[in-house]
Amino acid sequence: MLRWIRQQLGFDPPHQSETRTVYVANRFPQHGHYVPQRFADNRIISSKYTIWNFVPKNLFEQFRRIANFYFLIIFLVQLMIDTPTSPVTSGLPLFFVITVTAIKQGYEDWLRHKADNEVNGAPVFVVRSGSLVQTRSKNIRVGDIVRVAKDETFPVDLVLLSSDRPDGTCHITTASLDGETNLKTHYSVAETAVCQSVSQLEALQAVVECQQPEADLYRFVGRITVTQHGEEIVRPLGPENLLLRGARLKNTKEIFGVAVYTGMESKMALNYKCKSQKRSAVEKSMNTFLIIYLGILLFEAILSTILKYAWQAEDKWDEPFYNQKTEQEKNSSPILKFISDFLAFLVLYNFIIPISLYVTVEMQKFLGSFFIGWDLDLYHEESDQKAQVNTSDLNEELGQVEYVFTDKTGTLTENEMHFRECSINGTKYREVNGKLVPEGMSDDTPDGSTPHLIGDEVLFLKAVSLCHTVQISYDQPDCLVGGGDPFAHANGFSSSHMEYYASSPDEKALVEAAKRIGVAFIGSSGDTMEIKTFGKPERYKLLHVLEFDANRRRMSVILQTPSGGTVLFTKGAESAILPFATGGEIEKTRLHVDEFALKGLRTLVVACRHFSPEEYIDVDRRLNAARTALQQREERLQETFSYIERDLQLLGATGVEDKLQDKVQETIEALRLAGIKVWVLTGDKHETAVSVSLSCGHFHRTMNILELLQQRSDNECAEQLRILARRIKEDHVIQHGLVVDGASLSLALREHEKLFMEVCKNCSAVLCCRMAPLQKAKVVRLLKTSPEKPITLAIGDGANDVSMIQEAHVGIGIMGKEGRQAVRNSDYAIARFKFLAKLLLVHGHFYYIRIATLVQYFFYKNVCFITPQFLYQFFCLFSQQTLYDSVYLTLYNICFTSLPILVYSLFEQLVHPHVLQNKPGLYRDISKNSLLSFRTFLYWTLLGFCHAFVFFFGSYILMGEDTTLMGNGQMFGNWTFGTLVFTVMVITVTLKLALETHFWTWMNHFVTWGSIAFYFIFSLFYGGIIWPFLHTQDMYFVFVQLLSSGSAWFAIIIIVITCLFPDVVKKIFYRHLQPTSTQKSQSLSTPQTQALSCVESLCCYQHGQSGCSRLAHLLEQMTGQCQGSANNCHSSSRGNRSWSDTENFYSNDRSILTLSPIEATHC
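In short: position in the sequence shown from 1, add 6, done, that's my numbering.
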C-alpha cells in the first residue's frame, strides 16, 4: 500500500542493481533467502494529475501566476488589518478564478486519464497456473508469459520464447516506434522455440538476466538460462530477441514471450519526455505586464502614503475637529501606522491588477478551442475523424510558430508505395492496366490479352520477383500450417487470398507490380522459392542471401534455376550497382535513373551475374568461411560480398512512388510563404528521406543540397561544418538545403553546437535522417533554446515522435495508422498534414489577435478604473476614502465589462478565413508576438491614463464648484460624483471595444449594448430599493438623482465623445496613410455594403466558380440585382461550396468561422 502511494505521488525509488533478473512465469527459486526485485506495473501514464495530488499540485501551479499570488496576499491583508474595502472584493473573484481554472484543467486531464484507461484496460492473454487467462494490460507483471496474436500490438517489452513457426521466428513492424514500415524478423532461442503449447510453457524453467531499462530502441543486452534435465543452458539475447511495446505482430499467427520491461519502464515510454507545463508566449508577456503594473501600484501606494503624512504635518489636518484620534491611535507606533496606511492604499488600488484577466483568458481558451473541433475543413471524411484539442492553453501559440519539425513516414506520406516506371535494357516502360508499355507507345493490346515480353524483360521481372526477403500471408490461416505442400494452393491463387509483407516498402511494391504484369512470387518454403511466369510455375532453390547493409547499399540472392544453373540477382542504389556493372545499357540506365529521381520517384537498379559450377563452388566456400569466422567476421563478410557482387550484367532500374498525403506540397509551400521554416526529422534511410523531401517540395530542384553524413570524429565533423558554412557565405543567390544523419548530428551537438546552428539557420530547409526518438527532441530543444528563442511546432504520428511533440512549444499528433501514442501526448491532433495550414494560418491567426487584444484591453480598462481612485485621494486628504461603492468595485470586472471582451475574443476576425489561406504572408504580420510588443502595451496603458484623467476631471469640472444640478437646487454629493465617473467609464470602455471590433455578430451587439443596459438597470434596482441584508446603503437613490439631471446626461455624452473621438481620427488617419498588410486585405473580405459576407454565409457560388468572380456578385448586389443572386442561393446546395482549381486548397470550406452574422433575408 505504501509503495502504491509513493508511486501515485511520483516518489517510487529507482532500481539499485545494474541488471534485472526475470524468472519466466514468475517461478521463483524455492531455496535460500530470495528477495524478489520490485518492478513497475504495466500502466502507461500520460496524465499530469492523480486524484491524490490534483488539489495541491493544481493550486501550486495556479499560484505560480503573479496575479493569483498577488490577490492571495491582498486577501490575507484585508483579513488582517482594517482596510477601506471588504475582503469579499478580493476573495470572491480569486475563488472564482481558481475554481474555474481548476475545473477546466481537471477536465482536460480527465480526458487524458480516459485515453490512458483505454490502453491500460485493453484485453491481453497471459499464461498463469497452467492455462491461458484473459486479463487487462495494466495487470501484466514482469515475468508473465504473454500471448500475442497476429496484427495485435505488443502490450509490454517481451523476450520472444516461441511462435507458431517451427523455427521460432516472427515478423513485426515498428512503424509506431521508429517510423519504419518494413517487416523485421525476430528470433527465439532454440531451447524455448519448441514450447508452442501452454502446458510446455508452464513446464519451462528459465531465467532472463538483462540490463535495466534504457531508452535506446536498438540496444538490448541479456542472456537466458534454460534448465533442461537438470542441466543449465545459457544463450545470449540481443535486440533481435526483444519485441518492443507498440510494435505490431505481422504474418505470424501467434507468439509467446516473457515480459521484461513493463509500463513506464518500456522502451517506448522511456522515449517519452517528462510532461512539463507548457506556457505560451502570450502568457509570458502577461506576466511581464503584470510586474510592470505591480510597479505602478507600489509607486501609487508609496506616493499616496508619503503625501498623506506630508499633508498631516499640519495640525489642522492631522486631527481635524470632526475626526478626533482615539487613545489607541495616539499611542500606536508610527512605523506600524505607516505600514498599515501603505497596505490600506495597496488594497485601495489593487484593482489595477486585473484578476479576472486570467479567468477570462481561461474561458476564452477553453470555449475557443471548440472551434477547432467544429471546423469541417479539419474533418477527414474517409476516417471519420475531426480535429481535437488536448491542451487549450496554447491556442494563440499556433499564430506564433517559426519552425515546424515534422516526421516523414505517416505524416508527410501515406505509408503506401506504388510502382510507376522502369528501365529495362535501356528502354523506359510504364505500367498501364497491369501491362508494361514502352515509352511513347499507347496500350493498344486488344481484349486485355497479355503482351509478349522478350527475354530481357522476363529476366528483369524474375529478378524483381526473386531478389527480396518478402513473406506471404494468406487469408486462410492454416494454408501453410501442417504437413501439406506449401504450394498446393499456387495453381488457384487469387490476389484476394494472399498478402505480401516485405523488409522494405519498395520491395513490396516491386513484387506486387511484377505479379500484376505476369511474374508472380507465390511463396517460399525452407530453401525453395516459387514464381509463376505468365501462369507457368517455376521453382528456384535459394542458396544464399547477401543481406542489405548501409555501407554496400544493395542486397543479393544466389539461386539455383530450374534448369540447374546458378545465378546471382542483386538490387540497390545506382551508386552501389552501376560501378560494378560490366554489361548492359549502363549510360542509358543512368540517364533514366536521373529522370526518375527528378520526378521524385525512389529508384533501385537491378543486375545479375551467372556463375559457372567452378565459380559457384569458390563463392560457396568463401561465404561459408566468412560466416563461420570467429574473428573479424563482419570485415571478412564485406570482402566476400564485394568479391561476389562484381562483373554484373545490368538488367534495368525501377521507379517507385512513395505516395504523399494529399496537398502536402501546397501546405509546405504555404508555410514557407508564411515565414515558417520546415525541418523534416525521420528515422528513415538517407536516400529515401531525400527522395520524399524532393517530391513533397521540402527541397526544391534548384536548391543546393549540402550534406553532413557519416562523420566519424569531432574534428572531421567540425571541418565539414566549416566547409558548409564557407559554401553558404560564398553563394548568396542559391537557396541551400541541409541533410544530416543521426550519427553526425550527435557529434555536431556535442562540441560544435554554435557552428551547426549557424549552418542550419542559413538553410531554407533541413532534413535529419536516421534519427532516434530522443535525438528528435534534442534538435527541437536546440532551436528552442537558441538566442532568438523561436516558437517551435512538432508534428508526427508515431510513438517515436512523442518526445519531439512534448519538447516543442506546440505538439501536434497525426491520427494515422500507427497507434494513438502521438495523439494522446500531443496538444492538438489532426487527421492529415494538409490541415496544418489552416490550423496555423487561420485558427492561429484568429486566436492570437483575439487574445492579444483581450490582454491589452484588460489592462486598459483597469487603468481607467483605478486611476480616478488615485486622483480622488488628492481631494480627500489621502483619507483612503473610496470613490466607488464596494458593489461597483466587485462587479466592474465580473459583470459590467467582462462579457463584451469575452465575446470579442471568441468571434473576432480581422480578415476573412479565405483571404488568410490564400495570402499566407499575412501570418508574418503577427509573428514574433508583434501585437504584444512593449510599444503596443505602452500605447494601451497611456490611453487608459488619458481616458481616466478625462473621466475624473471632466466630472470634476461639472461638479467641483458646488454647482446646483438638481431641479430643486440641491447639489450632488460624494457618491453621486463617484457614480458619474463610474458611469462614464463603463460606457467609454465598452464603446472603445466596439471601435476595436471588426467582425460584428448578433452576439457582439447583444453583449455590447446589453452590458451598458445591464449597468443602468442594476444601478436603478441597487440604489432604488432598501436591501435589508446590507449594513449601510450609501447608494440609496443616488443613481436615480444622477439620471434626473439633464446636465449629468450632457456631461456623460461630452466626456465619452472627448475620449473616443481622437481614437476614431487616429484609426482613419493610419488606415489611409499607413495601412498594414492586414488592413489592405480587409477590403477583400469585408466590402462596404457587407453584401459579400451575406453571399459567403449562404455559400451561394456556382460549381467551379473562381474566387475572382466574387466581385461580379458584389457589383450585382450593389446595383440592386441581389434578388437574382438570392435565387441562385436557393437553387444551389447550401452545404457544399466549391472553388476552382486556381485556388490553393481547401476546396470544401465549410468552417463555422466563415459564417456571417447577416441573415439571408437581409440579402
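Yeah, the Cβ is synthetic: ideal placement off N, Cα and C, and Gly gets one too.
Taking only three categories from DSSP, how would you classify residue i?
i, result
"residue 235", "coil"
"residue 406", "coil"
"residue 985", "helix"
"residue 77", "helix"
"residue 201", "coil"
"residue 710", "strand"
"residue 24", "coil"
"residue 840", "coil"
"residue 436", "strand"
"residue 802", "strand"
"residue 901", "helix"
"residue 1097", "In this predicted model, residue 1097 has a pLDDT of only 35, less than 50, meaning its place in the structure is not dependable; the value taken from the coordinates is given anyway. Helix at residue 1097."
"residue 1123", "Low per-residue confidence applies at residue 1123: pLDDT is 43, beneath 50, and the placement is therefore not dependable, though the value from the model is reported in the following sentence. Helix, per DSSP."
"residue 529", "strand"
"residue 131", "strand"
Given that a residue counts as buried once 16 or more other Cβ atoms are within 10 Å of its Cβ, and exposed if not, what is residue i?
i, result
"residue 571", "exposed"
"residue 634", "exposed"
"residue 964", "buried"
"residue 103", "buried"
"residue 649", "exposed"
"residue 74", "buried"
"residue 555", "exposed"
"residue 557", "exposed"
"residue 301", "exposed"
"residue 277", "buried"
"residue 638", "exposed"
"residue 116", "exposed"
"residue 738", "exposed"
The alpha helix (DSSP H) that contains residue i, what's its start and end?
i, result
"residue 717", "Per DSSP, residue 717 belongs to no alpha helix (DSSP H) and is neither H nor E."
"residue 920", "919–924"
"residue 476", "No alpha helix (DSSP H) contains residue 476, which DSSP labels as neither H nor E."
"residue 810", "808–813"
"residue 585", "Careful: residue 585 lies outside any alpha helix (DSSP H) and carries neither H nor E."
"residue 216", "Counting along the chain, residue 216 falls outside any alpha helix (DSSP H), though it belongs to the beta strand (DSSP E) covering 212–217."
"residue 819", "First-last for residue 819: 816–820, but that is the beta strand (DSSP E), not the alpha helix (DSSP H)."
Assuming residue i is part of the beta strand (DSSP E), what are its boundary residues?
i, result
"residue 154", "151–155"
"residue 539", "534–539"
"residue 616", "608–617"
"residue 774", "771–775"
"residue 576", "572–578"
"residue 115", "Not the beta strand (DSSP E): residue 115 falls in the alpha helix (DSSP H), residues 94–126."
"residue 261", "260–267"
Below 7 Å CB to CB, which residues in the same chain sit around residue i once its five sequence neighbours on both sides are set aside?
i, result
"residue 269", "46, 47, 48, 49, 50, 275"
"residue 930", "680, 681"
"residue 723", "717, 750, 753, 754, 758"
"residue 357", "868, 871, 872, 895"
I'd like the list of long-range same chain contacts for residue i, defined as Cβ closer than 6 Å, with 5 residues on each side in sequence excluded.
i, result
"residue 473", "563, 575, 577"
"residue 746", "714, 774"
"residue 734", "742, 768"
"residue 709", "741, 743"
Might you give, ordered along the chain, the residues of its own chain that have their beta carbon closer than 8 Å to the beta carbon of residue i, omitting 5 neighbours on each side?
i, result
"residue 1175", "Only positions 7 to 1169 of the chain appear in this structure, which leaves residue 1175 out of reach."
"residue 950", "865, 866, 867, 868, 869, 870, 873"
- Message: Closer than 8 Å is the cut-off here; do at least three beta carbon pairs connect the stretch 663–673 with the stretch 581–591?
- Response: The answer is no - the stretch 581–591 does not touch the stretch 663–673, with fewer than three Cβ pairs under 8 Å.
- Message: Can you confirm whether the stretch 154–164 touches the stretch 57–68 when touching is taken to mean that 3 or more C-beta pairs between the two stretches lie within less than 8 Å?
- Response: These segments do not touch.
- Message: Closer than 8 Å is the cut-off here; do at least three beta carbon pairs connect the stretch 868–887 with the stretch 407–418?
- Response: Look at the beta carbons and you see the stretch 868–887 not touching the stretch 407–418: under three pairs across the two are nearer than 8 Å.
- Query: Okay, do the stretch 131–150 and the stretch 220–236 touch, 3+ Cβ pairs below 8 Å being the bar?
  - Reply: Taking 8 Å as the limit for Cβ pairs, the verdict is that the stretch 220–236 does not touch the stretch 131–150.
- Is there contact here, the stretch 779–787 with the stretch 248–267, by at least three beta-carbon pairs under 8 Å? Cβ pair count under 8 Å is below three, so no.
- Query: Using 8 Å as the threshold, is the stretch 226–237 in touch with the stretch 50–59, meaning 3 or more CB pairs across them?
  - Reply: Touching, no.
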